RNA sequence: GGGGGUGCGCCGAAGUUGGAGAGACGGGGCAGACUGUAAAUCUGUUGCUUGACAGCUGAGUAGGUUCGAAUCCUACCACCCCCA
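Numbering (the numbering used here), first residue to last: 1431 to 1806.
This is the structure:
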């Protein structure tokens, strides 16, 4: 992997860069659609590439390990071939499931024991196993196994959890460094900063993670319900410590405003289920605010869903029609809405990048945030 | 034409040996939530008035019996079933 900064914004910590992976280049800052099971819900790979112009997508180690399983992925020649996606993929390690499936897992020094949400069977994820599975999935960027702490989280727990994540990181690195990609191309490995919402822990974690000297670094444990001020405070604090010349990935963020604020703080990569999940639930993001398509006020509004969208279906179909599809529970409603939201998120980071290159990101962002916060 | 049955909420549907229904449950409607996806999910609300307390109206229609009726009686109306 290779990363080089192309431009830094004079009015903020924002930067534009180019990330090169085994499956192609990524222009940063970038938003990465989430495709947990080897599919971005309601979107086909063709649309993902041609319409949305996604440059990289996510897969999930825990979910892909349970289904279809590493044996199938190996036979397929890796996730890229299995799903027919030739561009970069990043896999989350399962660390988020330590948080989201907290009721059915146990954390020990050795690793995490999960009870499958599918059939109740027990599975052990050690740091080594998480790396091995991600080798078999074949993602371009693979993540350390961490514990994504919940919010709120008491100091003592946050500190102990962070130390455990750091010890796991050492084991992940060792395993990664003594193994190779299964399919003839290189993979890269990102460690993850934790420390909950405690500045001293975040600082300690960021310094520890930076000391490992990996090719990129991630910030985890945020956007789990904490106030946005804390999200920004922790992100800014950590970005100031993580090396400038390496990509920074803020995990699980966020809303369009969150994304612009994070970019301003020096974040290069983000992912979030919000554009896809909310689309399925009828919530659309536009440059002029959010629209709840289920609201009765769209019932007879035959104007385009969003005349400025880069999504052709958002320009071709009316708000009234999309509302009808969503209210009627038609699959097409989820497809059109998801296509819309992802096109918007990719458009937004693309614009952010243009303005960073042009040197007027900060002022452009200030105006956009006001527009984005509107409710249509 | 004769016989039988049913009739309350936006819809379907509980409940009554006569004793306080704004009335389970489901659907629909309206609104909200969703941030490294156990989510095409979840939550609230859904007679009228009030910010709330509270009050008002309400069991097809009109009468009757009774201390008291959605529940019993009579007539009428509507719908369903059977016979002709």
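We put the beta carbon where it would ideally sit given N, CA and C, even for glycine. Here the structure is a predicted model, which means the values were calculated and not measured.
Inside the segment 1543 to 1568, DSSP marks whole beta strand (DSSP E) runs of 3 or more residues at positions 1552 to 1555, from first to last along the chain.
When the five nearest sequence neighbours on each side are left out, the beta carbons in the same chain lying within less than 6 Å of the beta carbon of residue 1553 are those of 1544, in order along the chain. Of 1705, 1743, 1717, the smallest CA-CA separation from residue 1803 is found for 1717. The residues 1472, 1473, 1706, 1709, in chain order, have a CB closer than 6 Å to that of residue 1768 in the same chain once the five nearest residues on each side in sequence are set aside. Taking the C-beta atoms as reference points, residue 1588 is found no nearer than 8 Å to residue 1613. In this structure, the alpha-carbon of residue 1757 lies about 10 Å from that of residue 1725. Between residue 1792 and residue 1694, the C-beta gap is smaller than 8 Å, which places the two residues in contact. Under DSSP, the beta-bridge partners assigned to residue 1701 are 1462.
Annotated three-state conformation of residue 1613 is coil, per DSSP. In the DSSP secondary-structure assignment, residue 1679 is bridged to 1648, 1699. When C-alpha distances from residue 1464 are compared across 1451, 1488, 1683, 1687, the shortest belongs to 1488. DSSP places residue 1691 in the helix class (H, G or I) of the three-state scheme.
Each residue's CA atom was taken as its position, placing residue 1528 and residue 1755 some 36 Å apart. When secondary structure is reduced to three states using DSSP, residue 1522 falls in the strand class.
The residue from 1490, 1634, 1665, 1601 with its alpha-carbon nearest to that of residue 1521 is 1490. Note on the segment 1574 to 1607: whole alpha helix (DSSP H) runs with a minimum of 4 residues are 1585 to 1607, in chain order. Rounded to the nearest angstrom, the Cβ distance from residue 1591 to residue 1624 is 7 Å, consistent with a contact under 8 Å. DSSP places residue 1624 in no beta strand (DSSP E); its state is neither H nor E. In the structure shown, residue 1536 adopts extended strand secondary structure according to DSSP, grouped into three states. Beyond the five residues adjoining it in sequence on each side, residue 1443 comes within less than 7 Å, by CB distance, of 1669, 1694, 1695, 1696 in the same chain, given in chain order. With contacts defined by Cβ atoms closer than 8 Å, residue 1483 and residue 1776 form a contacting pair. Secondary structure note for residue 1433: it is in no alpha helix (DSSP H), and the uninterrupted beta strand (DSSP E) holding it is 1432 to 1438.
Inclusion of residue 1713 and residue 1700 in the CB contact set at 8 Å is not warranted, their separation being larger than that value. Per DSSP, the unbroken beta strand (DSSP E) holding residue 1487 starts and ends at 1487 to 1490. 8 Å or more divides the Cβ of residue 1434 from the Cβ of residue 1518. For residue 1619, no alpha helix (DSSP H) run applies; the uninterrupted beta strand (DSSP E) run containing it begins and ends at 1618 to 1620, by DSSP. In the displayed model, residue 1674 falls within coil according to three-state DSSP, outside both helix and strand. One alpha carbon belongs to residue 1494, the other to residue 1730, and they sit about 42 Å apart. Rounded to whole angstroms, the gap between the alpha carbons of residue 1657 and residue 1570 is 32 Å. Sequence-distant Cβ neighbours of residue 1752 in its own chain, meaning closer than 7 Å and more than five residues away, are 1723, 1735, 1763, 1766, 1767.
Comparing alpha-carbon positions, the option among 1476, 1526, 1580, 1604 lying closest to residue 1557 turns out to be 1604. Counting of Cβ neighbours within 10 angstroms places residue 1596 among the buried residues, the total reaching 16 or more. Counting the other CB atoms within 10 Å of its CB gives residue 1550 a total below 16, which places it among the exposed residues.
Residue 1647 is a Cβ neighbour of residue 1678, given a cutoff of 8 Å. For residue 1439, the closest of 1721, 1476, 1562, 1458 by C-alpha to C-alpha distance is 1458. Cβ contact annotation for residue 1640 (same chain, cutoff 8 Å, sequence separation greater than five): 1647, 1671, 1672, 1673, in chain order.
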